[in-house]
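K.L.:
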Amino acid sequence: MSSSTITLPLGGTVSVPGHRRGRRMRLRLLLWSGPLAVFVALAVLGPVLVPYDPVTVRLGERLKPPGAVLETGARAWLGTDQVGKDLLAQVLQGARISLFVGVTTVLASGLIGLVTGVAAGYAGGTLDALLMRLADLQLAFPSILLAILIAAVLGPSIANVIITLSVTRWVTFARVARASTLVTKEREFVMAAHAIGADAARLVSRHLVPFAVTPLIVVATTEMGLVILAEASLSFLGLGAPPDHPSWGLIIANGRNYLSSAWWISTMPGIALSLVVIAIGQFGDTLRDYLDPRTVSE
Amino acid sequence: MGSYLAGRLGYAVFVLWGAITIVFVTVRVVPGDPAQLMVGAQGTRQDVEALRHRFGLDRPLPAQYGSYLGEAARLNFGQSLRLEQPAVDAVAQRIPATALLALSAMALAVTASLPLGIVAAVARGSLLDRAVSVVSLVGQSVPNFWLGIMFILIFARTLRWLPSAGIGGLEHLILPAVSLALLVIGVLTRLVRSGLVDVIHEDYVRTAYAKGLALRSVIVRHALPNALIPVVTVAGLQLGHLLAGAVIVETVFAWPGVGRLLVDAISNRDYPVVQVAVLLITAGFILVNLLVDLSYAYLDPRIRYR
């Protein structure tokens, strides 16, 4: 690994990633964004190409194995479920649900975290203490348990899953946003802006928020995987997506009763879920290493 | 040390109070009337009112909160709506099963991740190292409820080696414990490996080599003890997560623990039991975190708490 060392004006050194390291990281980033791009494309286009029909039941074609040709002449690449619905169509629709819940939850909890984190870091004092104690409390609560509790009270629906997971996952965003605000607000360009008469609104929106957003992007990637996993877990327990929405967790739960006769029902969406979570996790790790040259993974 | 202990204890009590309050707020203030939910769609208006009165839901919120805290301090969370016993008793009966599952999973995770992490660190960069890192990555990413179902499919339905549900002998414990342990194996293996890689370059490790010790004793006697400090901390924290993760794995394997009771209580709308189960798992989580904090001072003599 080639890297050069620069001596700082006040003493101390900083190691700058070499050209080769940067290129290798970009390659890794590209490598892991491949599966992610496939996931997004399938989630967006898949249900258009293989439409999911929640209503029609074809009992004559129930529990057909993967690759079976149906009466309509179509091929069920992933097999059919207990009421004869094509599993591929369900898994693709499930990808759309995962992506939708993942993106909206990360946006919502990211926004809540950004606002509270920057507010706590900028204002300090009582507001900071209050918000951070609240964050501590929530971290002391196993988040999947809190999600189960809230989801149980709200009832199963996609909107409720998004609300539940946003409420349980804002803390990480808030902590990171607060930490970067604490650092940024002491920097010279912020003091300079303050000195030339910038008001609080301008300081926050033009100087503090932009600096808090970058580290949040890395958090957002990691959280995306966790949220997709949490949605599947809630749906598996019957607390997430309602029955007519084929969330991956719900399909896996449905297939439990047919393990001996139709192994593919539970297996296929689980493989999809695992691949997506692995790809997102690896992408997030690489992105963190790429954006932060100080971390060198051996 | 005494004041540190008092501080941690006080903090644990504060967090427990917070958890009790969060449960109260969630069940009472979140839109949706628990009485209406408990009665269900077929209930009459009178049924709902009667239930509201029975649980004191018709009183103002601050008054409800006050009496709720008072009762909580005496561990009284009311009768279960479905089981003919106090909610606390119903949950308490299930604790041993959950504790057995979580502790076995933890024991399994530690015994598996220590050798895996050591091998990966010693043979750093080798094919073996890569294989271990792939295993730990998969362990951390694959959802445990799906993994559990795959285990049932393979080991219970197809090979017929192990039972798929219920509690009994050791053979009942294997599948749920392994599904629960895999995530922790992934986390701990990475930690053992990176901890060892960090200390392997230290002077005292090189000295141990230089004076002629075998690789095995250098690793076991000199490198490992220092690498293990963060492992103990994280293992403790993971034990807390295992308690929460048990909720889902218990559902998969029909394991009669607190988690399965919680899921059953949710579908029965048995809110007293739901409250107690959530609080109890959270209390276990807080207690484990407290013990981890305290053990830290003993493990690393460099850490002195004032």
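In order, the protein sequences belong to chains A and B. Going from the first sequence to my numbering is simple: count from 1 and add 12. Going from the second sequence to my numbering is simple: count from 1 and add 983. Where a beta carbon is used, it is the ideal one built from N, C-alpha and C, also for glycine. Everything numeric in this text was worked out from a predicted model, so none of it was measured.
Between which residues of its own chain and isoleucine 1101 of chain B is the CB-CB distance below 7 Å, once the five residues before and five after are set aside?
P.N.:
If we look at isoleucine 1101 of chain B and ignore the five residues flanking it on each side, its Cβ neighbours are Val1175, Leu1179, Ile1202.
K.L.:
Are the CB atoms of threonine 1265 of chain B and leucine 157 of chain A within a distance shorter than 8 Å?
P.N.:
In contact: leucine 157 of chain A and threonine 1265 of chain B (Cβ atoms closer than 8 Å).
K.L.:
I'd like to check one pair, leucine 126 of chain A with alanine 55 of chain A: are the Cβ atoms closer than 8 Å?
P.N.:
The answer is no: Cβ separation not under 8 Å.
K.L.:
List the whole-angstrom C-beta distance separating glutamine 1076 of chain B from proline 1255 of chain B, where the pair is believed to meet the contact cut-off of C-beta under 8 Å.
P.N.:
Not a contact, Cβ separation roughly 15 Å.
K.L.:
Let me check one thing: in DSSP terms, what residues is alanine 274 of chain A bridge-paired to?
P.N.:
Answer by DSSP bridge pairing: none, since alanine 274 of chain A is not bridged.
K.L.:
Would proline 66 of chain A and aspartate 211 of chain A qualify as a contact pair, given that the criterion is a beta-carbon distance under 8 Å?
P.N.:
No, these two residues do not count as a Cβ contact at 8 Å.
K.L.:
What would DSSP say about valine 308 of chain A, mapped onto helix, strand or coil?
P.N.:
For valine 308 of chain A, the predicted structure reports a pLDDT of 49, less than 50, and the residue's modelled location is therefore unreliable. The matter cannot be settled from this model.
K.L.:
Answer with yes or no whether the minimum CB distance from threonine 184 of chain A to chain B is below 8 Å.
P.N.:
Cβ-Cβ to chain B under 8 Å: no for threonine 184 of chain A.
K.L.:
Please determine, among B/Val1235, B/Tyr1279, B/Ala1229, the residue with the shortest C-alpha to C-alpha distance to isoleucine 1078 of chain B.
P.N.:
Ranking B/Val1235, B/Tyr1279, B/Ala1229 by Cα distance to isoleucine 1078 of chain B puts B/Ala1229 first.
K.L.:
Going along the chain, which residues of the stretch 1221-1239 of chain B sit with their C-beta nearer than 9 Å to a C-beta in chain A?
P.N.:
Residues passing the 9 Å Cβ filter: Gly1223, His1224, Leu1226, Ala1227, Gly1228, Val1230, Ile1231, Thr1234, Val1235.
K.L.:
Compute the Euclidean distance between the alpha carbons of glutamine 1221 of chain B and serine 1119 of chain B, then round it to the nearest angstrom.
P.N.:
Distance between the alpha carbons of glutamine 1221 of chain B and serine 1119 of chain B is about 15 Å.
K.L.:
Would you kindly work out how many angstroms separate the C-alpha atoms of valine 239 of chain A and leucine 1097 of chain B, rounded to a whole number?
P.N.:
For valine 239 of chain A and leucine 1097 of chain B, the distance between alpha carbons rounds to 30 Å.
K.L.:
Could you confirm whether any beta carbon from chain B is found closer than 8 Å to the beta carbon of valine 231 of chain A?
P.N.:
Not one chain B Cβ lies under 8 Å of valine 231 of chain A.
K.L.:
Are isoleucine 229 of chain A and glycine 106 of chain A close, meaning C-beta to C-beta below 8 Å?
P.N.:
In this structure, glycine 106 of chain A does not lie closer than 8 Å to isoleucine 229 of chain A by Cβ.
K.L.:
Tell me the residue span of the alpha helix (DSSP H) that contains glutamine 105 of chain A.
P.N.:
Glutamine 105 of chain A -> alpha helix (DSSP H) spans 99-135.
K.L.:
Drop a sphere of 10 angstroms on the beta-carbon of asparagine 269 of chain A, count the other beta-carbons inside from all chains shown, and report buried for 16 or more, exposed for fewer.
P.N.:
Classification of asparagine 269 of chain A: exposed, given that the 10 Å Cβ count is below 16.
K.L.:
Does DSSP put serine 14 of chain A in a helix, a strand or coil?
P.N.:
The pLDDT assigned to serine 14 of chain A is 43, lower than 50, so where the model puts this residue is not dependable; a value taken from the coordinates is nonetheless given after this. Coil, per DSSP.
K.L.:
Measuring only the C-alpha atoms, how far is serine 155 of chain A from arginine 214 of chain A?
P.N.:
Those two C-alpha atoms are separated by around 35 Å.
K.L.:
Strictly below 7 Å CB to CB, what residues from chain B border phenylalanine 153 of chain A?
P.N.:
Under the 7 Å cutoff, chain B gives Ala1002, Ile1005, Thr1265.
K.L.:
Which residues does DSSP list as the beta-bridge partners of alanine 80 of chain A?
P.N.:
Per DSSP, A/Ala88.
K.L.:
If you run the structure through DSSP and keep just helix, strand and coil, what is glycine 1001 of chain B?
P.N.:
Helix.
K.L.:
Please list, in chain order, the chain A residues whose beta carbon lies closer than 7 Å to that of isoleucine 1135 of chain B.
P.N.:
Correct list: Leu271.
K.L.:
Please identify, using Cβ separations under 7 Å, the residues of the stretch 281-298 of chain A that lie next to chain B, in order along the chain.
P.N.:
Cβ contacts with chain B: Gly282, Leu285, Ser286, Val289, Ile290, Gly293.
K.L.:
Nearest-angstrom Cα distance between alanine 1033 of chain B and leucine 1262 of chain B?
P.N.:
Distance between the alpha carbons of alanine 1033 of chain B and leucine 1262 of chain B: 26 Å.
K.L.:
Let me make sure I understand the geometry here. Which of B/Val1257, B/Ala989, B/Thr1234, B/Thr1141 has the alpha-carbon closest to that of isoleucine 162 of chain A?
P.N.:
Minimum Cα distance to isoleucine 162 of chain A is reached at B/Val1257.
K.L.:
Taking valine 95 of chain A as the reference, which of A/Leu57, A/Asp301, A/Ser45, A/Val69 has the closest Cα?
P.N.:
Comparing Cα-Cα distances from valine 95 of chain A to each of A/Leu57, A/Asp301, A/Ser45, A/Val69, the minimum goes to A/Val69.
K.L.:
Closer than 8 Å by beta-carbon distance: list the chain A residues that pair up with arginine 1035 of chain B, in chain order.
P.N.:
Under the 8 Å cutoff, chain A gives no residues; its nearest Cβ is about 16 Å from arginine 1035 of chain B.
K.L.:
Please list the partners that alanine 147 of chain A has in chain B, where partner means a Cβ-to-Cβ separation under 7 Å.
P.N.:
Simply none; closest approach about 11 Å.
K.L.:
Can you give the Cα-Cα distance for arginine 145 of chain A and threonine 193 of chain A, rounded to whole angstroms?
P.N.:
Rounded to the nearest angstrom, the two C-alpha atoms are 18 Å apart.
K.L.:
Is there contact here, the stretch 1045-1058 of chain B with the stretch 1126-1135 of chain B, by at least three beta-carbon pairs under 8 Å?
P.N.:
No, because fewer than three Cβ pairs between the stretch 1045-1058 of chain B and the stretch 1126-1135 of chain B fall closer than 8 Å, the two stretches do not touch.
K.L.:
Is there a Cβ of chain A sitting closer than 8 Å to that of proline 1126 of chain B, yes or no?
P.N.:
Cβ-Cβ to chain A under 8 Å: yes for proline 1126 of chain B.
K.L.:
According to DSSP, is proline 227 of chain A part of a helix, a strand, or is it coil?
P.N.:
The answer is helix: DSSP assigns proline 227 of chain A an H, G or I state.
K.L.:
Can you tell me whether glycine 993 of chain B is helix, strand or coil according to DSSP?
P.N.:
Helix.
K.L.:
To the nearest angstrom, how far is the alpha carbon of serine 169 of chain A from that of glycine 990 of chain B?
P.N.:
Computed Cα separation, rounded: 42 Å.
K.L.:
By how many angstroms is the C-alpha of glycine 1122 of chain B removed from the C-alpha of proline 1239 of chain B?
P.N.:
Spanning the two alpha carbons is a distance of roughly 25 Å.
K.L.:
Drop a sphere of 10 angstroms on the beta-carbon of glutamine 1025 of chain B, count the other beta-carbons inside from all chains shown, and report buried for 16 or more, exposed for fewer.
P.N.:
Glutamine 1025 of chain B is exposed by the Cβ-count criterion.
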